[in-house]
Every structure is written in structure tokens, then in C-alpha cells.
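Step one of this worksheet: look at the structure below.
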Amino acid sequence: MHDCLLLPDIFQRILDFVEVEVPDRFYASHNQDHWKNGSLARLARTCRVFHEPALNALWKHQTTLAPLVRTLPEDAWIERSSRIPSPYVESDTIIDELTMIRPLTSSDWTRFEYYAHRIKSLGYFDFEYADQESDIWAHHSYAYCGSPVDRSIIHQLALHRRKHWLLPNLVRLRWTIHDDAYTEYLPLFLGPQLRTLAIGFSDTWLEPDECEPGALRSVLKTLPAICPLLTQIEIYPEQDISVVKAAVQLSSAYENLEGFHVNTMPWTRMHQDLVDDLSKKSCLRKVWLSLDEDTVATLQSLWKANAYPFSSLSTLGLNVPRLRDGTAFLKLLGHCRLFSIIVDIEQGPAAADVYDFYSSLHLHCARETLHVCRIHQDSVNPSEDEVPLDMQDRIEMAELAPALHFPHLRYFILDVPLLNCLVDEDLMRMADAWPGLIAFSLMGGWRSFSTCSVTWKGVGYMVTRCPQMYDIKITFDPSSDNVDELVRMPGFRPNRWLRFFDVLDSPLPNDAEHFARSLVAVAPRVVRVDAMDTPDDDMYESIKVDPFAFCEQVDILMCHLRKMYMSDVYDAFAFELGEDIVRDLDDERLKFMLWT
């Protein structure tokens, strides 16, 4: 053994690297969650020197309690499978649930105790980077398709365990909609080491009467007493007003608060006094603010004596009526070192508003720090007078150019109702400026209302120039036949990480094979192609292609093309599944197995 491996710090750095190793599977990607890491398990069995550090790394992040429950005696629990029928052609969802079948005794806890103290994070994905935080809530339900615990297990653990906390060294806890059934047992997880508590019952909004706020409200009120080291509180999405008020009171209870990401929408807009109080917290790095035009104007006078409001801020979330309100607030911050800025707006902006926002960001934000930039407006069914057809609603490269100032951008999202007037050269400029992009969306969720000049050459260049990209949403001309020009460019290499490709309301060609061949040429491992349904109006009268049938046909064709051009790795993956996928590609159920 090399002497360096005997140094704890060096070996820990090696474990940190191995911990985020993407599994060697055909469709594995950085956006997916994983419960197994074979490399860490093998290191733990190598020798006594590696055993404890590798075990700590292997158990540090757990998505659910299921692996820990399995350390109890095998006669104490049972695993049952239930099937949730799918309304679509894909396979039904199979959920494995663990259930206790006998009371626990004091001798049953030995292995449980051995591993419980190693868990530092519960409810977070293994592959969850800071710049993916803006969309991670859309994926949390995937983790629960594999052995979640039920209420009876939590009840048994609370009844028979003779200690204050289930996980004594827990530092991060995410409580999702799947945990709401036993929120009254939440204090079992609130140990003295807890520093981050995230409540995320949904990725959009809370349905009325879906979750009882009483248990959550009482937990929040007791947090300062039971979790003195807490530095981050996050609550998504909109909650009952009593829960919001209890969360707001926490902001004054913790002087060293580092994160306050609480959706206060039921309590209308944030009062300027609360925003002013948060701005004076020297340790605050993450904040979500709901502001209106009057509040921003009032803050301007309040902060005349405060030259550096939010002095340590790195992650900023804003909910404002108009984009110009977000721009005005950004100017109030002065010089900042933002890592992430997410702006949700309620009214569609003009192209000039988009330019002003990016220009202000260029002027006030440090060039090297910004990784995430997202502007989003929820899509609605626009009436005729809301359809953007004026010159002021045209997005061209001139409006986006200030954002090219940030070379480390990883997320670029601009989902607003504007006319996409970009061309291939514009996408190439963005790809050259942001080679580290992992997600790109332009007018996602909105109809383009115009013919886009972007072709396969521009889209393919962006996808291949940004090799870590896994998700792209863009309108373009998929009938274009110039992907060969891209393939012949010096240094061309296909993107092996792209998994999701959304063409929005692009005019779909009748030739699905041409689309599939073009996509395989630039990103052969895409697992999902999406397209928007076309409305029943004159503008789309000439469109004959059913987007759903088209996407399914493309999926099947891509499976055949992967078999044809990537037979060595594709056959190995099919053999690993234990199914003759190659022979049964027309079976949609087997095809869906590839995706999951």
C-alpha cells in the first residue's frame, strides 16, 4: 500500500471523488439518483485501514430509511410490492414497501446502531449538485419507487427505540410529500447536529387540504430549542399561512442564519421590514423573496445607509410581478457574488426588459461566480391580445449578449412568452461562451408563434460543445438536413450525457427516421424526446403530425439505431438487464425498462 493512502486527508479526498462516480451503465447520467456505489463497497472490504472511512462514505447520503431498516433482523420486516397502473403505454410503476411484522427487542438494534450514526444526509439524491437545485424537486418522487418505508415502520422505530433521535449525526434532512403521512414523527430526526431542514411537499404548489399544517407548524416553533445549530430552513412550495408565519419567526431566532428559502406567497408579498432584517444577516447566503414594486421602492430608501445589503448572498430567488421589478432589486444589491439567480414573474416581459435584466446582472454580479440564471413565467393559454407578435417581443442575440459575460454558467433558462428569432450562429456563440452548460431552455412551456431559423447544425453544435448537458428545450427546424456539416467539423464528438430533448412546438417532419438519425448523430443516448401538442387554430391547421405518436416512433427508431451503431456497449447493457431487448424493441414496456 502506498504511504499516501495511510494519510486520512488524502484518502478522504479519494473517497469524495469515488462517491460521485457515475455508474458504468448505458443510460447513467449526472442528473439521476443512485443508491448503490460498488466502488465504495469494494473499498470497505479491501482492508481494515479503508473499512471505516469507506463505510462512512457509503452510508453518508441516504435517500430513504429503507437501507437502514434492512439492517434489522430479517424476521422483523417484510418487503411487499404494489403495482400502480400507468395510464400510458409505459410499464406500470412497481413500488416496494417495507413493513414491520413483529415488535423489536433491545437485541435487534445492534447493526442498526452500527450504521445509523454514519448517515449525515437523508432525502437528498447522491448526484445532486448545487447548480441542479433549481429543478431537483421535480425528481424527488423517483427515489420512492425503490423500497420506501411506511407509517408502521416509523411508528415501530419510535415505539421501541430507547434514544432521542433515530440518526444522531444527521446534518441535512429533506421532508417530501412521501413523508407527510408521519410528519408527527419528524422530531425523531431533528437532532442537535442538524443544520439544514428542507420541507418540500411538491415541486409546484400544495393542493388544498392535501397536507395537515398543524404538525408542521408545531415542529417549526420548537426548532430553536431542539436544533440550536440550524443554519438553513427551506420550505417549498406555498404552505398554510400559519406555517409561513412560524417559519418567518425562525428568521429572527437564528442570528447566524445562512439560508432562508421560504415561499411566503399566502402571506401576500414580504413586508419591507422582514426583507430589511434579512439583509442585515452577515451569514445569509441563500434567500427567497416575494416582492412587489412598492416594496422595492421602499427598500431603496431603507438601504441608503446600508451600502452592502445581503453582503454574503450567493443564491437569490425572487417572485415579482414583472421582470423590471427584479432588475430594480438587483440594482439595489450593488456588487454581488451570486452563484444562482432565479426569477419567477407573473407578467410577460418585453424584450427590452430581458436586455435590462442581463445588463444589470453583467454590471453588478461577479463574472466568475454565476452558475445558474433562470427567468420563468408559468405558461397559460394566451388570448389573442396576449400573443407576442410585435417587434418589442422579439428575442435576438442582442438581448442575450450581456449574459455571455459569465463563462461558468451551467443553467440557462429563459421561459417567457417572446418570439424566438435566434439563428444557428447565436446558439454557437452561447455554446462557446458556456461550455459547462448542463441544462438549457429557451421559451420552454410557451409557443413560439413564429417560424424559427435554428437548424440541426445549431442545436447539435450546442449539444456537442457542452459535453455535460443532459437537458435541452428549444424550438428549431427539425426537417433541416445539415447535421452532416456538424459531424464533419474538426474535433466533433457526440454528447454522451444528453438524456432529455424537448423540441417544444417545433414543426415536426413527417419523416421520423430523419429526425432519429440526426439526433443519434449528436446525442445517441437520449432517453426521452418531447414535443408540445398543437392547439386547434388556423395557425397550426397545416400541421398533420401527432406529436405524441411522433415522439414514440422516434424512441423506437433510436433504439434500433443504437443497436446498429453502438452494438458493443448496447448489447452489454441489454445482457445486464437479463432481457432480450434487442429482439423486442417494439414492446413499449421493455423500452421503458431502458429508461428506468
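Numbering-wise, the sequence shown is residues 282 to 877 according to my numbering.
Idealized CB from N, CA, C, for every residue including glycine.
Going by C-alpha distance, which of 801, 606, 510 and 497 is nearest residue 635?
Ranking the options by Cα distance to residue 635, first place goes to 606.
Here's the rule: buried if 16 or more other CB atoms are within 10 angstroms of the residue's CB, otherwise exposed. What is residue 703?
By the neighbour-count rule (16 or more Cβ atoms within 10 Å), residue 703 is buried.
Can you check whether the CB of residue 625 is closer than 7 Å to the CB of residue 600?
In this structure, residue 600 lies near residue 625, with their beta-carbon atoms less than 7 Å apart.
Suppose you measure from the CA of residue 314 to the CA of residue 346; what does that come to, to the nearest Å?
Interpretation of residue 314 is limited by its pLDDT of 48, a score under 50 that renders its predicted location unreliable; no figure is taken from the coordinates.
Residue closest to residue 760, alpha-carbon to alpha-carbon, out of 455, 794 and 497:
It is 794 whose Cα lies nearest to the Cα of residue 760.
Out of curiosity, what's the CA-to-CA distance linking residue 688 and residue 715?
If I take the Cα positions, the gap works out to 5 Å.
So within the stretch 773 to 831, which uninterrupted beta strand (DSSP E) runs reach at least 3 residues, ignoring any that extend past its ends?
Counting only runs that start and end inside the stretch 773 to 831, the beta strand (DSSP E) elements of at least 3 residues fall at 781 to 783 and 809 to 811.
Alpha carbon to alpha carbon, how far is residue 325 from residue 399? Give it in angstroms, no decimals.
The alpha-carbon atoms of residue 399 and residue 325 are separated by roughly 14 Å.
C-alpha distance - residue 598 paired with residue 718, whole-angstrom precision:
Rounded to the nearest angstrom, the two C-alpha atoms are 20 Å apart.
Beta-carbon within less than 6 Å of residue 684's beta-carbon, same chain only, minus the 5 sequence neighbours each way: which residues are those?
Taken in chain order, the residues that qualify are 639.
Three or more beta-carbon pairs under 8 Å between the stretch 560 to 574 and the stretch 494 to 510, yes or no?
Result no; under three Cβ-Cβ pairs closer than 8 Å.
Coil, strand or helix - residue 833 by DSSP:
Judged by DSSP in its simplified three-state form, residue 833 adopts helix.
Given a cut-off of 7 Å, decide if residue 800 and residue 756 are closer than it, judged by their beta-carbon atoms.
Annotated as distal: residue 756 and residue 800, with beta-carbon spacing of 7 Å or more.
Along the alpha helix (DSSP H) that carries residue 515, what are the first and last residues, could you check?
Note, residue 515: premise wrong, no alpha helix (DSSP H); beta strand (DSSP E) at 513 to 517.
Closest to residue 752 by C-alpha separation, out of 810, 431 and 357, would be which residue?
The candidate whose alpha carbon is nearest that of residue 752 is 810.
State whether the stretch 389 to 404 contacts the stretch 450 to 463, with contact taken as three or more CB pairs (one from each stretch) at a distance under 8 Å.
Between the stretch 389 to 404 and the stretch 450 to 463, the count of Cβ pairs shorter than 8 Å is three or higher; the stretches touch.
Candidates 538, 537, 290 and 514: closest to residue 544 by CA position
Of the listed residues, the one whose Cα sits closest to residue 544 is 514.
Between residue 758 and residue 736, how many whole angstroms is the CB-CB distance? I'm expecting something under 8 Å.
Contact between residue 758 and residue 736 holds, with the beta-carbon distance rounding to 5 Å and staying under 8 Å.
DSSP three-state assignment for residue 584, whether helix, strand or coil
DSSP places residue 584 outside both helix and strand once states are collapsed to three, so it counts as coil.
Just the Cα atoms here: how many angstroms apart are residue 726 and residue 788?
A direct Cα-Cα distance of roughly 15 Å separates residue 726 from residue 788.
Please work out which residues of its chain come closer than 8 Å, Cβ to Cβ, to residue 747, disregarding the five sequence neighbours upstream and downstream, and give them in chain order.
Same-chain partners within the cutoff: 712, 715, 716, 717, 718, 719, 721 and 776.
Is the stretch 462 to 476 touching the stretch 431 to 441 in the sense that three or more CB pairs, one from each, lie closer than 8 Å?
Contact between the stretch 431 to 441 and the stretch 462 to 476 is present, because at least three Cβ pairs lie under 8 Å.
On the DSSP letters alone, give me the boundaries of the alpha helix (DSSP H) that residue 341 sits inside.
From DSSP, the alpha helix (DSSP H) with residue 341 extends over 329 to 341.
Can you check whether the CB of residue 802 is closer than 7 Å to the CB of residue 764?
Here residue 764 is near residue 802, since their CB atoms are less than 7 Å apart.
How should residue 291 be labelled, buried or exposed, when 16 other C-beta atoms within 10 angstroms of its C-beta is the threshold for buried?
With fewer than 16 Cβ atoms within 10 Å of its Cβ, residue 291 is classed as exposed.
Can you check the stretch 701 to 728 for any beta strand (DSSP E) of at least 3 residues that lies completely inside it and give the ranges in chain order?
For the stretch 701 to 728, whole beta strand (DSSP E) runs of length 3 or above, ordered along the chain, are 720 to 723.
Over the uninterrupted alpha helix (DSSP H) stretch that includes residue 291, give me the two end residues.
It spans 289 to 300 - the alpha helix (DSSP H) in which residue 291 sits, taken as one unbroken run.
Please report the distance separating the alpha-carbon of residue 797 from that of residue 615.
Taken atom to atom, the span from the alpha-carbon of residue 797 to that of residue 615 is near 48 Å.
I need the straight-line Cα distance from residue 650 to residue 770, nearest angstrom please.
One C-alpha to the other measures close to 32 Å.
For residue 743, name the three-state secondary structure that DSSP assigns.
Helix.
Less than 7 Å between the beta carbons of residue 464 and residue 497, yes or no?
Result yes, Cβ atoms of residue 464 and residue 497 sit closer than 7 Å.
Taking the DSSP output, what are the residues bridged to residue 657?
Answer by DSSP bridge pairing, in chain order: 625 and 696.
Should residue 530 be labelled buried (16 or more other beta-carbon atoms within 10 Å of its own) or exposed?
By the 16-neighbour rule on beta-carbons within 10 angstroms, residue 530 is exposed.
DSSP three-state assignment for residue 484, whether helix, strand or coil:
In this prediction, residue 484 has a pLDDT of 45, which is less than 50 and means its spatial position is unreliable; what the coordinates show is noted afterwards. Coil at residue 484, not helix or strand.
Return the CA-CA distance between residue 443 and residue 389, expressed in angstroms with no decimal places.
Between residue 443 and residue 389, the C-alpha separation is close to 12 Å.
Given this structure, state the Cα-to-Cα distance separating residue 773 from residue 709, to the nearest angstrom.
A direct Cα-Cα distance of roughly 14 Å separates residue 773 from residue 709.
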